[in-house]
Structures are given as C-alpha cells and as structure tokens.
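Right, one structure below, let's go through it.
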Amino acid sequence: MLNKELWKKRIYSILSLDNHPGHIAAGFAVGVFISFTPFFGLHTALAVAAAFLFRLNKLTCITGAWVNTPITMVPVLGVSYKLGAFLRGRPIKELPVSGALEWHNLERYAKSLVLGSSILGFVAAVVAYFLCYYLVLRFRAKDATQAEQAEEMDKVGEELE
Numbered sequence: 001m002l003n004k005e006l007w008k009k010r011i012y013s014i015l016s017l018d019n020h021p022g023h024i025a026a027g028f029a030v031g032v033f034i035s036f037t038p039f040f041g042l043h044t045a046l047a048v049a050a051a052f053l054f055r056l057n058k059l060t061c062i063t064g065a066w067v068n069t070p071i072t073m074v075p076v077l078g079v080s081y082k083l084g085a086f087l088r089g090r091p092i093k094e095l096p097v098s099g100a101l102e103w104h105n106l107e108r109y110a111k112s113l114v115l116g117s118s119i120l121g122f123v124a125a126v127v128a129y130f131l132c133y134y135l136v137l138r139f140r141a142k143d144a145t146q147a148e149q150a151e152e153m154d155k156v157g158e159e160l161e
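Residue numbers (UniProt numbering): 1 to 161.
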C-alpha cells in the first residue's frame, strides 16, 4: 500500500520536471485539495480532469490527489465532518463510519462533510503549494543548469522553450 521506493521515485520525478516551479506546485496543490474531498474512488479521475481543465501537470496533480491515503482518510473525514457541522451550527457528533466508506452511508452528512473537507483541503493545498515550490527550488539549486533555468523562469514568470 505504501511503497516507500515508489514515493521516492515519484517525488524525484516531480522535482526534476522541466516546468516553472509555480506550475509544478499549482498542480500538486490542486491534487492535494482533491485528496481531501469525500468522493472516494474518484480522486484520480478528478485530478486528471482538473489537470486538463486548468492545464496543470498531470503527474503532479495525480500525486497530490494520492496524499490522503486510506490510513489517513478516516481521521480526516472525522475532522472534516466536525468542522463542517460546527460551521453550520449543527450539534457535533461522532461520524459513524461503521462498515465501508460508501457514499450512501455518508449521504446524510454530506453538507457538513463537503464544507469541512473543502476548508481543510484549501488549507492543505495552500501549504502544499508553498512546500512544493520551495522543494522544487531547493532541488534545482543543487544542479547548476537547473538552478540557472529556474532563475530565468522565475524572472520571465513562465516556462522557457
């Protein structure tokens, strides 16, 4: 489920992309936002659709969508529900997640879930954007050619051809 070598390889391939650091970070941030949504089983499809729609890098968007793993999904779902219920002025109860995390089991909590997960996802996406941007710049600083290219991209504000 959590293959450390696969994640290292994926992160390395993201950091070494030949795109503007902001473009890479934006794709990752959108994917992270998607990973916080309660639409289980659709995260990858939503990430691909968002990448096409907003012209983002598909690799970074899909990788971001996989940040919220099955291990972290239940706690994030619980916090999302409680935050959403609090903001809606509803009584805060425990989210019953008995059985599978299927939409028909969570349907009556949908408004609170979507509100809470949207806010958590937005905060996580902002953090992910700046973290990814920083990591790309730091990774490129190690290689003189990539550092020069990143500096030029930053001055121009877009990808170099």
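Ideal Cβ placement from N, Cα and C applies to all residues, glycine included. In this text the structure is predicted, and so the values were computed from the model without any measurement.
Rounded to whole angstroms, the Cβ separation of A128 and A65 is 11 Å, and the two are not in contact under 8 Å. Taking a cut-off of 8 Å for Cβ pairs, the stretch 15–28 and the stretch 55–64 touch, as three or more such pairs fall below it. Excluding the 5 residues flanking it on each side, Y133 has same chain C-beta neighbours closer than 7 Å at P21, G22 and A25, in chain order. In the pairwise beta carbon analysis, the stretch 5–18 is classified as not touching the stretch 39–51: fewer than three pairs are separated by under 8 Å. With a cutoff of 8 Å on beta-carbon distance, A125 and F33 are scored as near each other. Shortest Cα-Cα distance from T63 to any of V74, M73 and A51 involves A51. For S117, the enclosing alpha helix (DSSP H) has its first and last residue at A110 to A141.
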